[in-house]
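So the structure is just underneath, and the comments pick up after that.
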Amino acid sequence: MPFRFPPGGWLPGSTLAIVALLAACKAPSSTTIVPAAAPNRPAEQIAARETTTPFDAERAFKHIEKQVSYGPRPAGSAALGRLRAWLIEELKGYGLTVTTQPFVAKTPSKKFPTLRMENVIAELPGKSPEVIIIASHYDTKHMEDEVFVGANDAGSSTAVVLELARVLAAMSPEERGFPHTLQFVFFDGEEAVVEWEGDDNTYGSRHFVERLQATGQAKRIKAMILLDMVGDADLSIPKEYQSSAWLANILHDTAHELGYGAHFPKTTHAIADDHIPFLKAGIPAVDLIDFTYGTDEVNFGPGGPENAYWHTARDTVDKLSPRSLKIVGDTVLRALPKIARAAR
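Counted the way my numbering counts, the sequence shown spans residues 3 to 346.
Have a look at this one:
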């Protein structure tokens with residue numbers, strides 16, 4: 003599967019000595035490690051400690067198990083429709099206003115030339131109409147020859163966004179520490195139907211951004227935080243190079259402050275994912291993704307030996323950890339007030 007670097011340009015060679023470009027839920031490559039500036043306080047000098055945020059990792063983990071119980075959930079499938087109904091019911095149970103955004107996507111697949119897809123949007127009003135989006139895709143990759151249940155991709159990120167929605171909905175604006183309206187968005191059709199090339203990917207996020215622009219709502223969006231593949235028991239989330247630097251810096255700095263620095267290394271990788279349509283529209287966006295999921299020199303899938311479980315039948319719940327969900331959930335919760343203050 004050939005790599006296609008997303009629009010936005012190549013990484014400058016004068017500043018980066020090693021570049022291996024990865025594509026989230028698409029083209030495989032070797033692991034990217036690009037040295038970045040050393041933090042003021044090295045992660046190894048910060049004693050990891052539990053935080054007191056109300057993010058319930060065990061509850062989030064059960065949300066992964068619930069998703070996996072539906073089996074493979076590719077775009078347009080009955081299983082994804084059942085998951086969507088459950089997701090909507092959960093979000094409404096938190097007191098959120100839930101809308102859906104159905105659309106028909108044209109694909110390069112001869113078997114599925116068109117697919118009905120549907121984004122799910124849950125809104126938590128704030129004192130300000132300005133919006134911060136927290137998002138994940140909720141579809142899994144269609145596979146002919148494997149039973150792919152996508153526990154990590156995208157069960158883990160969907161579960162974390164769902165638990166963040168519950169926690170934040172239970173808080174007052176004062177407790178949240180910022181006035182912004184929040185939208186929890188679950189994108190359909192992130193996965194390629196045939197192969198991650200051209201427009202055969204990110205169907206839901208591209209449609210979402212197109213609707214924002216068509217309705218004049220894009221200017222309301224001050225930041226978009228994307229989660230993808232965040233449940234790996236061996237969690238490691240480098241900075242995503244194309245992401246808005248100020249957003250990536252806030253999230254990584256917050257993780258280090260919380261004692262999670264070992265899981266947010268000061269390295270860089272480049273990933274094509276659902277944040278790209280937002281960046282192209284001029285909306286600040288960041289992608290939190292661990293794209294080194296499982297190491298196996300012999301039995302590995304399209305991601306290679308350092309991303310061995312990605313897009314294989316081995317992406318199952320036993321490879322994940324509630325602790326990883328907690329790390330990501332805590333980090334986002336603690337970072338949100340800082341993001342709100344910094345948003346322009």
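Each residue gets a CB set at the ideal place from its N, CA and C atoms; glycine is no exception.
I'd like to confirm the pairing. Which residues does DSSP put opposite residue 231 in its beta bridges? Here residue 231 corresponds to residue number 229 of the sequence shown, with the count starting at 1. Per DSSP, none; premise fails for residue 231.
Own chain residues within Cβ distance below 7 Å of residue 94, not counting five before or after: In the sequence shown, the residue the question calls residue 94 occupies position 92. Excluding sequence neighbours, residue 94 sits near 100.
Cutoff 6 Å; reference residue 205; Cβ partners in own chain excluding five residues on either side: Along the sequence shown, one-based indexing puts residue 205 at 203. Answer for residue 205: 107, 119, 191, listed in chain order.
Below 8 Å on the Cβ atoms is my contact criterion, and I expect residue 222 with residue 288 to pass it. Report the Cβ-Cβ distance as a whole number of Å. Counted from its first residue, the sequence shown places residue 222 at position 220. Counted from its first residue, the sequence shown places residue 288 at position 286. Not quite, the Cβ-Cβ distance comes to about 18 Å (not below 8 Å), so this is no contact.
Which class does residue 154 belong to by DSSP, given the choice of helix, strand or coil? Position 152 of the sequence shown, counting from 1, holds the residue named residue 154. Note: residue 154 maps to helix in three-state DSSP.
For a minimum of 4 consecutive residues, which ranges assigned as the alpha helix (DSSP H) are wholly contained in the region 206 to 291? 247 to 259, 278 to 282
Using three-state DSSP, classify residue 101 as helix, strand or coil. Within the sequence shown, residue 101 is the residue found at index 99, counting from 1. Here residue 101 sits in strand by DSSP.
Would you kindly check if the distance between the Cβ of residue 121 and the Cβ of residue 210 is under 7 Å? Here residue 210 refers to the residue found at position 208 of the sequence shown. Here residue 121 refers to the residue found at position 119 of the sequence shown. Yes, they are a contact pair.
Would you grab the beta carbon distance between residue 135 and residue 278 for me? Rounded to a whole angstrom, and I think it's under 8 Å. By 1-based counting over the sequence shown, the position of residue 135 is 133. By 1-based counting over the sequence shown, the position of residue 278 is 276. About 14 Å; that fails the 8 Å criterion.
Can you tell me whether residue 342 is buried or exposed? The criterion is at least 16 other CB atoms within 10 Å of its CB, across all chains shown. For the purposes of this step, residue 342 is taken as the residue at position 340 of the sequence shown. Answer is buried; the Cβ neighbour count reaches 16.
Grab me the residues of residue 339's own chain with a C-beta within less than 7 Å of its C-beta, minus the 5 sequence neighbours each way, in chain order. The sequence position of residue 339 within the sequence shown is 337, counting from 1. The answer, listed in chain order, is 179, 180.
DSSP on residue 138, reduced to helix/strand/coil? By one-based count along the sequence shown, residue 138 stands at place 136. Residue state, collapsed to three classes: strand.
Can you give the Cα-Cα distance for residue 88 and residue 60, rounded to whole angstroms? Translated into positions along the sequence shown, residue 88 becomes position 86. Translated into positions along the sequence shown, residue 60 becomes position 58. Rounded to the nearest angstrom, the two C-alpha atoms are 18 Å apart.
Suppose you measure from the CA of residue 213 to the CA of residue 189; what does that come to, to the nearest Å? Counting from one through the sequence shown, the residue named residue 213 turns up at place 211. Counting from one through the sequence shown, the residue named residue 189 turns up at place 187. Each residue's alpha carbon lies about 13 Å from the other.
Return the first residue and the last residue of the beta strand (DSSP E) that residue 120 is part of. Within the sequence shown, numbered from 1, the residue matching residue 120 stands at position 118. 116 to 126 is the span of the beta strand (DSSP E), which, as asked, contains residue 120.
With residue 187 as the anchor, note down where its beta strand (DSSP E) starts and where it stops. If you number the sequence shown from 1, residue 187 lands on position 185. Where residue 187 is concerned, the enclosing beta strand (DSSP E) stretches over 183 to 189.
For residue 208, which option in 315, 274, 80 has the closest C-alpha, if you only look at C-alpha atoms? Indexing the sequence shown from 1 puts residue 208 at position 206. Out of 315, 274, 80, 274 has the C-alpha closest to the C-alpha of residue 208.
Along the chain, where does the alpha helix (DSSP H) containing residue 159 start, and where does it finish? The sequence position of residue 159 within the sequence shown is 157, counting from 1. Unbroken alpha helix (DSSP H) run through residue 159: 159 to 171.
Helix, strand or coil at residue 77 [DSSP, three-state]: For the purposes of this step, residue 77 is identified with residue 75 of the sequence shown, where counting begins at 1. Coil at residue 77, not helix or strand.
Strand pairing of residue 107, partner residues [DSSP]: Counted from its first residue, the sequence shown places residue 107 at position 105. Paired residues: 117.
For residue 322, which of 251, 299, 292, 72 has the nearest alpha-carbon? Here residue 322 refers to the residue found at position 320 when the sequence shown is read from its first residue. When each option's Cα is compared against that of residue 322, the closest is 292.
Taking 8 Å as the threshold, find out whether the region 162 to 175 comes into contact with the region 147 to 154 through three or more Cβ pairs. no
From residue 76 to residue 237, what distance separates their C-alpha atoms? Start at 1 with the first residue of the sequence shown, and residue 76 comes out as number 74. Start at 1 with the first residue of the sequence shown, and residue 237 comes out as number 235. Those two C-alpha atoms are separated by around 25 Å.
Enumerate in chain order the residues of its own chain whose CB-to-CB distance from residue 127 is below 8 Å, with the five nearest sequence positions on each side excluded. Mapped onto the sequence shown, residue 127 falls at position 125. Contacts found: 99, 183.
Backbone secondary structure at residue 133 - three-state DSSP: Position 131 of the sequence shown, counting from 1, holds the residue named residue 133. Reduced to three states, the DSSP call for residue 133 is strand.
Would the beta-carbon of residue 152 fall within 7 Å of that of residue 160? As a working mapping, residue 152 is identified with position 150 in the sequence shown. As a working mapping, residue 160 is identified with position 158 in the sequence shown. For residue 152 and residue 160, no; Cβs fall outside 7 Å.
Collapsed DSSP secondary structure at residue 33 in the structure displayed: By one-based count along the sequence shown, residue 33 stands at place 31. At residue 33 the pLDDT is 34, less than 50, meaning the model places this residue with poor confidence and gives no usable figure here.
Is the beta carbon of residue 83 less than 7 Å from the beta carbon of residue 117? Translated into positions along the sequence shown, residue 83 becomes position 81. Translated into positions along the sequence shown, residue 117 becomes position 115. Not a contact, by the Cβ cut-off of 7 Å.
Please classify residue 244 as buried or exposed, where buried requires at least 16 neighbouring CB atoms within 10 angstroms. What you label residue 244 is simply residue 242 of the sequence shown in a count that begins at 1. Classification for residue 244: buried.
With which residues is residue 322 paired in a DSSP beta bridge? To locate residue 322, count along the sequence shown from 1; it is residue 320. In DSSP, residue 322 forms a bridge with 234.
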